[in-house]
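*Asks:* Count the sequence shown with the working numbering and you get residues 202 to 486, in order.
Every residue, glycine too, gets a C-beta built ideally from N, C-alpha and C.
If you're wondering where the values come from, they're calculated on a predicted model, not measured in any experiment.
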Amino acid sequence: MRKGTKTAALVLAMSMAVSMLTACGSGADNAAETVGTETVDTDATDAGAASGAVVTKTEGVLTFGTNAEFPPFEFIASSGVIDQYDGIDIAIAKQIAEENGMKAAIENMEFDSLLIALENGQIDAAIAGMTVTEKRKESADFSIPYYTATQVMIVKEDSDIAAAADMADRKICVVQGYTGEICVQDLGYPYEAFKKGTEAIMELVNGKCDVVVIDSATAQKYVNDNEGLKIVEDASAFESEEYAIAVKKGNTELLDMLNKVIEAKLADGTISELGAQYTEAVTAE
Ligand code: ARG
Numbered sequence: 202m203r204k205g206t207k208t209a210a211l212v213l214a215m216s217m218a219v220s221m222l223t224a225c226g227s228g229a230d231n232a233a234e235t236v237g238t239e240t241v242d243t244d245a246t247d248a249g250a251a252s253g254a255v256v257t258k259t260e261g262v263l264t265f266g267t268n269a270e271f272p273p274f275e276f277i278a279s280s281g282v283i284d285q286y287d288g289i290d291i292a293i294a295k296q297i298a299e300e301n302g303m304k305a306a307i308e309n310m311e312f313d314s315l316l317i318a319l320e321n322g323q324i325d326a327a328i329a330g331m332t333v334t335e336k337r338k339e340s341a342d343f344s345i346p347y348y349t350a351t352q353v354m355i356v357k358e359d360s361d362i363a364a365a366a367d368m369a370d371r372k373i374c375v376v377q378g379y380t381g382e383i384c385v386q387d388l389g390y391p392y393e394a395f396k397k398g399t400e401a402i403m404e405l406v407n408g409k410c411d412v413v414v415i416d417s418a419t420a421q422k423y424v425n426d427n428e429g430l431k432i433v434e435d436a437s438a439f440e441s442e443e444y445a446i447a448v449k450k451g452n453t454e455l456l457d458m459l460n461k462v463i464e465a466k467l468a469d470g471t472i473s474e475l476g477a478q479y480t481e482a483v484t485a486e
C-alpha cells in the first residue's frame with residue numbers, strides 16, 4: 202500500500218502534465234493504464250478471484266446502468282436485446298452476464314447520474330459508451346477499453362467549418378456531461394449544452410446552431426438519419442477516446458470478471474462484429 206501511494210502520486214503528476222498538453226478527450230491514456238494496474242489489489246485478487254467472489258446488487262443478476270440516448274451503443278427499440286434496450290453496449294452487457302451464468306438487467310438513466318448510481322449501489326456497472334477520463338477515474342474504476350472513438354463536428358452540408366478552429370465565432374451545441382462538452386470547454390469556445398444528442402441535432406437542422414460536437418459513431422448515425430448534414434473531423438483538436446465499463450471504485454472482483462469477457466470478445470472479433478452489425482443496422486433504418 203505504501204508503495205502504491207507513491208506510485209499513485211507519481212502517476213497523478215504525470216497525468217496532470219499530459220492532460221495540460223491535450224486539448225480534450227481522455228488524455229493521458231498511458232498514465233491512465235498505469236493507474237489501473239497500480240491498484241495493488243488487481244494483482245492480489247487475480248490469485249484468488251474465481252467469479253464466484255462477485256457480489257451484485259441482486260443475486261444472479263448483473264445490473265448495468267446506461268443512458269439509452271446514444272446509438273449505436275444504446276438506444277430504445279421496439280424489441281431490444283435486453284427488454285426494450287438495444288445496441289452494441291447492450292449486447293456486450295448481455296454476453297458478459299450470460300458467460301458468467303447470470304442475467305443482465307438494464308437501468309436507464311441520465312448520463313450524468315451513472316457514476317453516482319455506481320457509488321450508491323443502484324447499479325453494478327455502467328456501460329454507456331463512456332470515455333475513460335482522469336476525472337471520472339477519481340470516482341469509478343474502469344475495465345479495459347473495448348472501443349476507440351473520437352469527437353467530430355456535425356455541420357450543415359454547405360458549412361465552411363473545416364477545422365475545430367473554425368468554430369471560434371460560431372454557435373456550438375454539445376450534449377451536457379459528454380466528453381464533447383469538455384472538448385469545447387478546453388478549446389475555450391462558448392457553447393450551448395442540451396440534454397440529448399437528438400435535441401442538439403434538431404437545433405442544427407433548424408439552423409439555430411452551426412455545429413454539434415459529439416462522438417464519431419453516434420455522429421454518423423445522426424448524419425445518416427438527417428438530410429443535409431455532414432461530419433468534419435479534426436484529429437489535431439480531438440484526440441482518440443476509449444470506451445470502457447465503469448464499476449464502483451475498488452470492486453476488483455467485478456472488474457476482473459468484466460475484463461476476462463471483454464478480453465476474449467476483443468480477441469475473437471465478437472466486439473468488432475457487433476460494431477459492424479449495429480452500424481449497418483442503424484444505417485439501414
Ligand atoms: N463518450 C462520451 C462520454 O463519455 C459520450 C457518452 C454518452 N453515452 C450515453 N450513453 N449517452 O462522455
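Specify the secondary structure class of V406 as computed by DSSP and reduced to three states.
*Replies:* Correct three-state label for V406: helix.
*Asks:* Answer with buried or exposed for D313, where buried requires no fewer than 16 other C-beta atoms within 10 angstroms of its C-beta.
*Replies:* D313 is exposed by the Cβ-count criterion.
*Asks:* According to the Cβ coordinates, are K432 and A326 closer than 8 Å?
*Replies:* According to the sequence provided, residue 432 is Ile. The question's Lys does not apply to it. Against a cut-off of 8 Å, the Cβ pair of A326 and I432 comes out as no contact.
*Asks:* So, at 6 Å on beta carbons, what are the nonlocal neighbours of E300 in its own chain, with the 5 sequence-adjacent residues on each side left out?
*Replies:* If we look at E300 and ignore the five residues flanking it on each side, its Cβ neighbours are V462.
*Asks:* Ignore the nearest five residues each way along the sequence and tell me which others in K372's own chain have a CB closer than 6 Å to its CB.
*Replies:* Hits under 6 Å: C410 and D411.
*Asks:* What are the uninterrupted segments assigned as beta strand (DSSP E) that are 3 or more residues long and contained completely in the segment 394-457, given in chain order?
*Replies:* Taking only runs of at least 3 residues, the beta strand (DSSP E) segments lying wholly in the segment 394-457 are 412-416, 430-433, 441-444 and 447-449.
*Asks:* Ordered along the chain, which non-local residues of its own chain (more than five positions away) have a Cβ less than 7 Å from that of Q478?
*Replies:* Here the set comprises nothing.
*Asks:* Exposed or buried, what is K336 when buried is set at 16 or more other beta-carbons lying within 10 Å of its beta-carbon?
*Replies:* Classification of K336: exposed, given that the 10 Å Cβ count is below 16.
*Asks:* Ignore the nearest five residues each way along the sequence and tell me which others in S340's own chain have a CB closer than 6 Å to its CB.
*Replies:* L316, listed in sequence order.
*Asks:* Spatial neighbours of G470 within its chain, please: C-beta separation below 7 Å, excluding the five flanking residues on both sides.
*Replies:* Answer for G470: no residue qualifies.
*Asks:* Let me see if you follow: with CB-CB separation under 8 Å, is A445 close to chain B or not?
*Replies:* Absent here is chain B; the protein component of the structure consists of one chain.
*Asks:* Quick one: grab the DSSP three-state call for A327.
*Replies:* It is a strand residue.
*Asks:* Can you name, in chain order, every residue of its own chain whose Cβ lies under 6 Å from the Cβ of T480, other than the five neighbours on each side?
*Replies:* Result list for T480: P273, in chain order.
*Asks:* Going by CA-CA distance only, name the one from D416, T453 and M458 that's closest to E442.
*Replies:* Answer by Cα proximity: D416.
*Asks:* Hey, E308 and Q285 are a contact pair by Cβ (cut 8 Å); roughly how many whole angstroms apart?
*Replies:* That pair is no contact at about 13 Å.
*Asks:* Measuring straight from C-alpha to C-alpha, what distance separates S473 and E320?
*Replies:* One C-alpha to the other measures close to 30 Å.
*Asks:* Sorted by chain position, which residues of the same chain lie with C-beta nearer than 6 Å to V353's C-beta, five sequence neighbours on each side aside?
*Replies:* Counting only Cβ-Cβ distances below 6 Å, and skipping sequence neighbours, we find S417, A420, I432 and E434.
*Asks:* Rounded to the nearest angstrom, what separates D361 and T257 at their Cα positions?
*Replies:* Their Cα atoms are separated by approximately 51 Å.
*Asks:* Mind checking who M310 pairs with in its DSSP beta bridge?
*Replies:* None, per the DSSP bridge assignment.
*Asks:* Are the CB atoms of G487 and F271 nearer to each other than 8 Å?
*Replies:* Only positions 202 to 486 of the chain appear in this structure, which leaves residue 487 out of reach.
*Asks:* How long is the line joining the alpha carbons of T334 and E454, rounded to whole angstroms?
*Replies:* T334 and E454: Cα-Cα distance of roughly 22 Å.
*Asks:* Can you tell which of D387, T332 and V356 has the C-alpha that lies nearest to the C-alpha of A401?
*Replies:* Among D387, T332 and V356, the Cα nearest to that of A401 belongs to V356.
*Asks:* Is it buried or exposed for D290, if we count other Cβ within 10 angstroms and need 16 for buried?
*Replies:* Result: buried.
*Asks:* Any heavy atom of ligand 1 closer than 7 Å to the CB of D416?
*Replies:* At least one heavy atom of ligand 1 is nearer than 7 Å to the Cβ of D416, so yes.
*Asks:* Quick one: is the Cβ of G266 within less than 7 Å of any heavy atom of ligand 1?
*Replies:* It does not: the Cβ of G266 is nowhere closer than 7 Å to a heavy atom of ligand 1.
*Asks:* With distance defined between alpha-carbon atoms, name the residue in N452, N268, L263 and T264 nearest to V376.
*Replies:* The shortest Cα separation from V376 among N452, N268, L263 and T264 belongs to N268.
*Asks:* Quick check on T259: buried or exposed, where buried means 16 or more other Cβ atoms within 10 Å of its Cβ?
*Replies:* So T259 counts as exposed.
*Asks:* Determine whether the beta carbon atoms of D287 and A298 lie at a separation below 8 Å.
*Replies:* Contact flag unset, no.
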